[in-house]
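**Student:** Each residue of the sequence shown is one higher than the last, beginning at 1 in my numbering.
Cβ coordinates follow ideal geometry from the N, Cα and C atoms, glycine included.
All values reported here derive from a predicted model rather than from experimental measurement.
Structure incoming, see below.
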Amino acid sequence: MDMNTHLRHNSGGFSGYQQLPQEAASEDPHDPLASSLVLEDEAGDFVAQEEAAAHDPRVRYIHFILGCAVLLPWNALITASPYFLSRLEGSPIKSTFNSYLSTTFTVANFGFLAHATISSKLSSSARRAMASLAILTFLALTLTINTWIHAPPGLFFAFVMLNGIAQAGAGSYLQTAIIAVASLFGPSAVQSMMSGQAAVGVAVSGVQVISTLASTRGKGSPSSLAASSPEESSAFTFFLLSTLFLIFSAVAQSWLVKLPAYACLMDQYKHINAVSQGGVDADEHSGLVSPSRTHSQASDRKEQIIRVTKANAIYNLAVAYVFAVTLAVFPPITISVAPVNPRTSGLVFSAIHFFVFNVGDFCGRFICSYPRFLIWSAKRLLGFSLARTLFIPLFLLCNVQRSAGNASTPLINSDIVFMLILFFFGMSNGYGCSMCMIAAPSVEHNPRLRGRVEDVDTAATVGSFFLVGGLAVGSFASFGVRAAICDCNPFRS
Numbered sequence: 001m002d003m004n005t006h007l008r009h010n011s012g013g014f015s016g017y018q019q020l021p022q023e024a025a026s027e028d029p030h031d032p033l034a035s036s037l038v039l040e041d042e043a044g045d046f047v048a049q050e051e052a053a054a055h056d057p058r059v060r061y062i063h064f065i066l067g068c069a070v071l072l073p074w075n076a077l078i079t080a081s082p083y084f085l086s087r088l089e090g091s092p093i094k095s096t097f098n099s100y101l102s103t104t105f106t107v108a109n110f111g112f113l114a115h116a117t118i119s120s121k122l123s124s125s126a127r128r129a130m131a132s133l134a135i136l137t138f139l140a141l142t143l144t145i146n147t148w149i150h151a152p153p154g155l156f157f158a159f160v161m162l163n164g165i166a167q168a169g170a171g172s173y174l175q176t177a178i179i180a181v182a183s184l185f186g187p188s189a190v191q192s193m194m195s196g197q198a199a200v201g202v203a204v205s206g207v208q209v210i211s212t213l214a215s216t217r218g219k220g221s222p223s224s225l226a227a228s229s230p231e232e233s234s235a236f237t238f239f240l241l242s243t244l245f246l247i248f249s250a251v252a253q254s255w256l257v258k259l260p261a262y263a264c265l266m267d268q269y270k271h272i273n274a275v276s277q278g279g280v281d282a283d284e285h286s287g288l289v290s291p292s293r294t295h296s297q298a299s300d301r302k303e304q305i306i307r308v309t310k311a312n313a314i315y316n317l318a319v320a321y322v323f324a325v326t327l328a329v330f331p332p333i334t335i336s337v338a339p340v341n342p343r344t345s346g347l348v349f350s351a352i353h354f355f356v357f358n359v360g361d362f363c364g365r366f367i368c369s370y371p372r373f374l375i376w377s378a379k380r381l382l383g384f385s386l387a388r389t390l391f392i393p394l395f396l397l398c399n400v401q402r403s404a405g406n407a408s409t410p411l412i413n414s415d416i417v418f419m420l421i422l423f424f425f426g427m428s429n430g431y432g433c434s435m436c437m438i439a440a441p442s443v444e445h446n447p448r449l450r451g452r453v454e455d456v457d458t459a460a461t462v463g464s465f466f467l468v469g470g471l472a473v474g475s476f477a478s479f480g481v482r483a484a485i486c487d488c489n490p491f492r493s
């Protein structure tokens, strides 16, 4: 059956959800030709279910919220840079703290994500998501409490690094669980999740701007000013809000698994998976788990990951390079750009700079909700990703604070121009990563999947793995870019 004809016949509202066929179309489920025809027909049914789910606003809203939760820890950490740096005043590690933080977080995220990707089909996504959200909530709470505690710079540095590693680990398992489910709901859910990731950046950095303005302009008694610096006040505010939002996200996750659309899509996915493995329903194996079978499943899983990784190599490279370029300069380099106007507070300028990038990132992801702006071609997306390299020299032409002996007038001597460059940098980041993550797991638009519905969640989790790999590469590259700027050892100064 032609997939497009099948889609036109089945697409529509939620009344279009179909009961699962109880028997395979062929009496012999092991007949290769019969299995191929059944899987093609099942793929059409699955895409039709995606179309139906796309019309349920609850699915989009929940994935938007969960997308926020996925990147909330990272955004909270990098946006709190002024607070962290204020606690490291006078310490030799202050100048390289941001590079260490981004590198430690992304490398840990990359390592944990490797295990999360391999084991994603061997555990419940719902349980994994809830456990991860609980851990992230606890870690955010410890950061909130820490704003009241003054520890030596070395001990504080160790605490932040360990907290970041723990958040990276919990976030990795949350990320694989959320993206795997979102990919099954189709491009609409993936786009909502990606937009949520950017929206939390806008919200967190927006709170940071407001609290920074209030804390720097507010009046207080000498005792209150001594007890709490502006950086500590603003950090306490958004760490507390982060904790509350993670609790709200856990409630949203609980709501998702109770939706009829979720149950229907999961049942159909399991059925298609069973047909692709020989026509035996997954329920028939529930009591037949043996060490040999478990080993066979793990081996099959690794083979599937390798096959999907090779098939989507261009998409994976594109999304990795998007973030490699981004993390090479943001925030380690962009935060070192000082305002040209001497009357502008450096603390406020830094907060606004985070906000501008995040607004651009959100806009780039949001426009992916309009079909006319979608690019499905893997090669075109790779070209777009590579072209973003041009932003690096543009930032280096701005008012970057170099070593004292190399002070000079920057070629781009305007705060407004710097913010515009930063906005489009963020916009291209959001658009590029979203399109790669939307296109890679799409059975309808990615011919490399060859209609294999059972590969959809794997394509999404593998793409997510390469995304974090790009973050790790970019974090390491930031040391090299900083070395070129300060003409010094980037690991010490």
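1) Ignore the nearest five residues each way along the sequence and tell me which others in Trp-376's own chain have a CB closer than 7 Å to its CB.
2) For Phe-238, which residues of its own chain have a beta-carbon under 8 Å away from its beta-carbon, when the five flanking residues on both sides are left out?
3) From Phe-97 to Ser-408, what does the alpha carbon distance come to, in whole angstroms?
4) Could you work out which residue in Asn-146, Ser-249 and Phe-466 is closest to Phe-112 when comparing CA atoms only?
5) DSSP state of Val-257, grouped into three classes?
6) Shortest alpha-carbon distance to Gly-360 belongs to which of Phe-384, Gly-430 and Val-417?
7) Does the segment 342-356 come close enough to the segment 467-476 that 3 or more CB-CB pairs lie under 8 Å?
8) Could you give the DSSP three-state label for Glu-284: helix, strand or coil?
9) Taking only the alpha-carbon atoms, compute the straight-line gap between Asp-415 and Leu-422 and give it to the nearest angstrom.
10) Taking the alpha helix (DSSP H) that Gln-191 belongs to, which residues open and close that run?
11) Can you grab the Cα-Cα spacing for the pair Arg-127 / Ala-263, in whole Å?
12) Let me know the secondary structure DSSP gives Val-337 once reduced to three states.
13) Given that a residue counts as buried once 16 or more other Cβ atoms are within 10 Å of its Cβ, and exposed if not, what is Pro-498?
14) Roughly how far, in whole angstroms, is the beta-carbon of Ala-235 from the beta-carbon of Thr-147, given that I think they are within contact range, below 8 Å?
15) Would you list the one or two residues that DSSP bridges to Val-160?
16) If I follow the unbroken alpha helix (DSSP H) through Ser-350, where does it start and stop?
17) Check the DSSP bridge columns for Val-400 and list the partner residues they point to.
18) Identify which residue in Ala-387, Gly-432 and Val-329 has its Cα closest to the Cα of Leu-374.
19) Using a Cβ-Cβ cut-off of 6 Å (strictly less than) and excluding sequence neighbours within five positions of Gly-480, which residues of its own chain qualify?
20) Please work out which residues of its chain come closer than 6 Å, Cβ to Cβ, to Thr-106, disregarding the five sequence neighbours upstream and downstream, and give them in chain order.
**Tutor:** Reading from the atomic positions:
1) For Trp-376, the CB contacts under 7 Å within the same chain, skipping 5 residues up- and downstream, are Ala-439 and His-445 in chain order.
2) Ala-76, Thr-79, Ala-80, Val-204, Val-207, Gln-208 and Ser-211
3) 25 Å
4) It is Phe-466 whose Cα lies nearest to the Cα of Phe-112.
5) Shown here, Val-257 sits in coil according to DSSP, grouped into three states, outside any helix or strand.
6) Answer by Cα proximity: Gly-430.
7) no
8) Summary for Glu-284: the model assigns pLDDT 42, below 50, so the residue's position carries little reliability; its value from the coordinates is reported in the next sentence. Three-state DSSP puts Glu-284 in a helix.
9) When rounded, the separation of the alpha-carbon atoms in Asp-415 and Leu-422 is 10 Å.
10) 187-217
11) 15 Å
12) strand
13) Past the boundaries of the shown model lies residue 498; the chain is included only from 1 to 493, so the question cannot be answered.
14) 5 Å
15) Bridge partners of Val-160: none, in fact.
16) 346-366
17) Val-337
18) Gly-432
19) none
20) Taking C-beta separations shorter than 6 Å and ignoring five residues to either side along the sequence, the partners of Thr-106 in its chain run Leu-471, Ala-472 and Ser-475, following chain order.
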